[in-house]
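Inspection log for the structure reproduced underneath, given as structure tokens.
2 protein chains.
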Amino acid sequence: MAPIRIAIVGLGKIARDQHLPALGRSADYDLVAIASRNAAADEIPSFATLDELLGSGIALDAVSLCTPPQGRHAIARAAIAAGLHVMLEKPPGASVSEVLDLADAAAAKGVSLFASWHTRAAPAIEPARSLLAGRTIESVSIVWREDVRRWHPGQDWIWEPAGMGVFDPGINALSAATRILPRALFLEAAELSFPENRAAPIAAQLRLSDAARTPISADFDWRETGPQSWDIHVATKEGPVLLSKGGAALAVDGETVIDGGEIEVEYPNLYAHFADLVRGGRSDVDLAPLRLVADAFMLGRRRSVESFSE
Amino acid sequence: MAPIRIAIVGLGKIARDQHLPALGRSADYDLVAIASRNAAADEIPSFATLDELLGSGIALDAVSLCTPPQGRHAIARAAIAAGLHVMLEKPPGASVSEVLDLADAAAAKGVSLFASWHTRAAPAIEPARSLLAGRTIESVSIVWREDVRRWHPGQDWIWEPAGMGVFDPGINALSAATRILPRALFLEAAELSFPENRAAPIAAQLRLSDAARTPISADFDWRETGPQSWDIHVATKEGPVLLSKGGAALAVDGETVIDGGEIEVEYPNLYAHFADLVRGGRSDVDLAPLRLVADAFMLGRRRSVESFSE
Numbered sequence: 001m002a003p004i005r006i007a008i009v010g011l012g013k014i015a016r017d018q019h020l021p022a023l024g025r026s027a028d029y030d031l032v033a034i035a036s037r038n039a040a041a042d043e044i045p046s047f048a049t050l051d052e053l054l055g056s057g058i059a060l061d062a063v064s065l066c067t068p069p070q071g072r073h074a075i076a077r078a079a080i081a082a083g084l085h086v087m088l089e090k091p092p093g094a095s096v097s098e099v100l101d102l103a104d105a106a107a108a109k110g111v112s113l114f115a116s117w118h119t120r121a122a123p124a125i126e127p128a129r130s131l132l133a134g135r136t137i138e139s140v141s142i143v144w145r146e147d148v149r150r151w152h153p154g155q156d157w158i159w160e161p162a163g164m165g166v167f168d169p170g171i172n173a174l175s176a177a178t179r180i181l182p183r184a185l186f187l188e189a190a191e192l193s194f195p196e197n198r199a200a201p202i203a204a205q206l207r208l209s210d211a212a213r214t215p216i217s218a219d220f221d222w223r224e225t226g227p228q229s230w231d232i233h234v235a236t237k238e239g240p241v242l243l244s245k246g247g248a249a250l251a252v253d254g255e256t257v258i259d260g261g262e263i264e265v266e267y268p269n270l271y272a273h274f275a276d277l278v279r280g281g282r283s284d285v286d287l288a289p290l291r292l293v294a295d296a297f298m299l300g301r302r303r304s305v306e307s308f309s310e
Numbered sequence: 001m002a003p004i005r006i007a008i009v010g011l012g013k014i015a016r017d018q019h020l021p022a023l024g025r026s027a028d029y030d031l032v033a034i035a036s037r038n039a040a041a042d043e044i045p046s047f048a049t050l051d052e053l054l055g056s057g058i059a060l061d062a063v064s065l066c067t068p069p070q071g072r073h074a075i076a077r078a079a080i081a082a083g084l085h086v087m088l089e090k091p092p093g094a095s096v097s098e099v100l101d102l103a104d105a106a107a108a109k110g111v112s113l114f115a116s117w118h119t120r121a122a123p124a125i126e127p128a129r130s131l132l133a134g135r136t137i138e139s140v141s142i143v144w145r146e147d148v149r150r151w152h153p154g155q156d157w158i159w160e161p162a163g164m165g166v167f168d169p170g171i172n173a174l175s176a177a178t179r180i181l182p183r184a185l186f187l188e189a190a191e192l193s194f195p196e197n198r199a200a201p202i203a204a205q206l207r208l209s210d211a212a213r214t215p216i217s218a219d220f221d222w223r224e225t226g227p228q229s230w231d232i233h234v235a236t237k238e239g240p241v242l243l244s245k246g247g248a249a250l251a252v253d254g255e256t257v258i259d260g261g262e263i264e265v266e267y268p269n270l271y272a273h274f275a276d277l278v279r280g281g282r283s284d285v286d287l288a289p290l291r292l293v294a295d296a297f298m299l300g301r302r303r304s305v306e307s308f309s310e
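Protein sequence lines, in the order shown, are assigned to chains A and B.
Residue numbering for the first sequence is 1 to 310, as defined by UniProt numbering.
Residue numbering for the second sequence is 1 to 310, as defined by UniProt numbering.
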């Protein structure tokens, strides 16, 4: 099968850390160009904008958008209009409604759209989903606490409104929870903590539930300088299930059954799935995680907390 | 056809002003009970809660929920579980995800769910929709400015987070715009003005668009003590179209073609539609207006404005 000719748009931290290595190891793709305002890749034709790339005459089948969510919609629209398949880094956009517009546009144009959620591609996610489908869930506690200074140095866009603040990692937790739990989640209450000098929250506490009235809590915090947590604790009638390390590890009834994380599998898995979508003429746009974040902003009570500076 | 035996839950201002008169004039319904914490209706069996009503043995087919959106989900869930058809006042819930849960539950139980938008039932809405389907739209300006002290006296719940503040009327504008305009709307930017002492906005400016890149603005303000505006101005290539009086009036190319508003038709129309849904075994749950509000809270920049007291 001919490789998919792909370009990366937005050569920032996530593109360099994850997308370039994943594409470099994949036989499904030829990385033929980069479009990025402030960066270029060695030995790959690079352009400042997608428009310049489209005007260059380089033959292209798909683009992977790694720019911040603010402004992503216009780029994705231009790519779809040019007949390209589109993969979106998470979060897929700055609003739920703009991503629905992209899904409509992709369907009308007959191209594939993939709203990717990298945490869902972690090694313990599908095993956790299968296991939990056969258990009686009593409660769920999501604990996602990390040090923003360590993981997001200099990323000013995450503090802008559409950057979502602590929901930037928190939406990873929600993407995992909405995948491993057997029923759709809905939001009941939220409290969001905004630093006095910032337009986005540094911490959030959510109360969620599902059709079985399962109590589900989420604790997102960017001020954790101690041990970092990316954990989902599921209390089941049959015993505890712990998804940890952001979906790389799984412990069942107290015993570790998966302990991944040595080898990076998330982005290779995402690109393999995107290749399947492109070759099968399908799209994959699940907006449940983004919808829950929008609900948290609408429904959440806000409190003001200490100013934040890097 | 036997009338639908219906109960009203939440006998507040909107129920007394609109629901009781509409049901009183309809041959489709028998109003058989009221459930309301602080109020009762003359000559109709009244209960403090839906649970008490359900336990009373009164035969019932449907409920119309007029309680504030906070707490509506639990009541709707109980009604659906009891096999009742459910009509929801706007907004249909405190979060998009909780209304999706209700839609799933209603489908599973085989009952009808109607997320009503009363402004969509105003007399000029369908004529405006038909007219605009045949015109080339250049831009849209939504202006919804009213005096909160005049229209919402003592309604403390609207200042709570899920009360949505100025989006309580604003969502009416969005329900009209998403109905009369030919393409789905998405949100691009928002600014929300919060009184220093309140948890909900008193004003909001939105920038929206659609698949044709139509510029669409919305100006929601609760501080308007002069002439009140509930208008949607649509500039079309063929001439101006103005929907005004909250959907009761329509002017085309400068000439008034509909000037309703004398006779109350919104709630009679809503109840007629609900009767059709119940008898046809269908649901009608369009969450586009609520999704746009959630997007505005997620994406919107907040600014602090003067404290508000009644």
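Glycine included, C-beta positions come from ideal geometry on N, C-alpha and C.
As the structure is a prediction and not an experimental result, all values here were calculated from the model.
- For A/Tyr267, DSSP records no beta bridge to any residue.
- For A/Pro289, the closest of A/Asn172, A/Ile202 and A/Gly83 by C-alpha to C-alpha distance is A/Asn172.
- Near chain A, meaning a CB-to-CB distance below 9 Å, the residues of the segment 270 to 303 of chain B are Ala288, Leu290, Arg291, Leu292, Val293, Ala294, Asp295, Ala296, Phe297, Met298, Leu299, Gly300, Arg301 and Arg302.
- What B/Ala105 touches in chain A, judged by beta-carbon distance under 7 Å, is Ala211, going in chain order.
- Contacts with chain A at 8 Å (Cβ-Cβ) include B/Glu98.
- Exclusion of the five residues before and after B/Ala15 leaves Ile8 and Cys66 as the residues of its chain whose Cβ lies within less than 6 Å of its Cβ.
- In this structure the segment 186 to 204 of chain B does not lie against the segment 126 to 144 of chain B, because fewer than three pairs of beta carbons, one per stretch, are closer than 8 Å.
- Taking the Cα positions, B/Leu53 is about 10 Å away from B/Val32.
- The segment 179 to 186 of chain B and the segment 203 to 222 of chain B touch, with no fewer than 3 CB-CB distances between them shorter than 8 Å.
- B/Leu287 is not a Cβ neighbour of B/Ala128, given a cutoff of 8 Å.
- In chain A, no part has a C-beta under 7 Å from the C-beta of B/Phe308; the shortest such distance is about 16 Å.
- Cβ-Cβ distances below 6 Å link A/Val166 to Pro201, Ile202, Ala203, Ala204, Phe220 and Trp222 in the same chain, with the five nearest sequence neighbours on each side left out; the list follows chain order.
- The beta carbon of B/Arg302 is closer than 7 Å to those of Leu192 and Phe194 in its chain, skipping five residues each way along the sequence.
- Rounded to the nearest whole angstrom, the C-alpha separation of A/Asp156 and B/Ala235 is 38 Å.
- Annotated as proximal: B/Leu113 and B/Ala106, with beta-carbon spacing under 8 Å.
- Annotation: A/Thr178 is outside any beta strand (DSSP E); the continuous alpha helix (DSSP H) that includes it extends over Phe167 to Ile180.
- Bridge pairing for A/Asp221: A/Arg145 and A/Ala203 [DSSP].
- Setting aside the 5 residues that flank it on each side, B/Ser26 is surrounded in the same chain by Pro268 and Tyr271, each with a C-beta closer than 7 Å to its C-beta; the list follows chain order.
- At a Cβ-Cβ threshold of 8 Å, B/Ser229 and A/Met298 do not count as neighbours.
- A residue is called buried when at least 16 other Cβ atoms come within 10 angstroms of its Cβ; B/Met1 does not meet this threshold and is exposed.
- At a cut-off of 8 Å, the C-beta of A/Leu65 has no neighbouring C-beta in chain B.
- The residues Val143 and Ser244, in chain order, have a CB closer than 6 Å to that of A/Asp231 in the same chain once the five nearest residues on each side in sequence are set aside.
- Contact residues of the segment 189 to 211 of chain B toward chain A are Ala199 and Ala211 (C-beta to C-beta distance below 7 Å).
- A direct Cα-to-Cα measurement between A/Gly239 and A/Gly163 gives close to 37 Å.
- In the structure shown, A/Glu52 falls within a helical segment according to DSSP collapsed to helix, strand and coil.
- Annotation: A/Leu174 has no Cβ neighbours in chain B at a cutoff of 7 Å; minimum Cβ distance is about 11 Å.
- Uninterrupted beta strand (DSSP E) stretches at least 3 residues long and entirely within the segment 92 to 155 of chain A occur at 113 to 115 and 137 to 145, given in chain order.
- Of the candidates A/Asp30, A/Pro3 and A/Gln70, A/Gln70 places its Cα closest to the Cα of A/Asp168.
- Listed as beta-bridge partners of B/Val63 by DSSP are B/Ala7 and B/Val86.
- Less than 8 Å divides the Cβ of B/Val111 from the Cβ of B/Gly83.
- Inter-residue distance for A/Phe308 and A/Arg198 is about 7 Å (C-alpha atoms, whole angstroms).
- Contact annotation for B/Asp101 against chain A: Ala184, Phe186 and Ala211 [CB-CB distance below 7 Å, chain order].
- B/Asp30: member of the beta strand (DSSP E) spanning Tyr29 to Ala35, first to last residue.
- Annotation: Cβ neighbours of A/Pro161 in chain B (cutoff 7 Å, chain order): Leu299, Gly300 and Arg301.
- Only buried fits B/Thr119, as 16 or more other CB atoms lie within 10 angstroms of its CB.
- Contact annotation: B/Leu50 and B/Ala81 have beta-carbon atoms that are not nearer than 8 Å.
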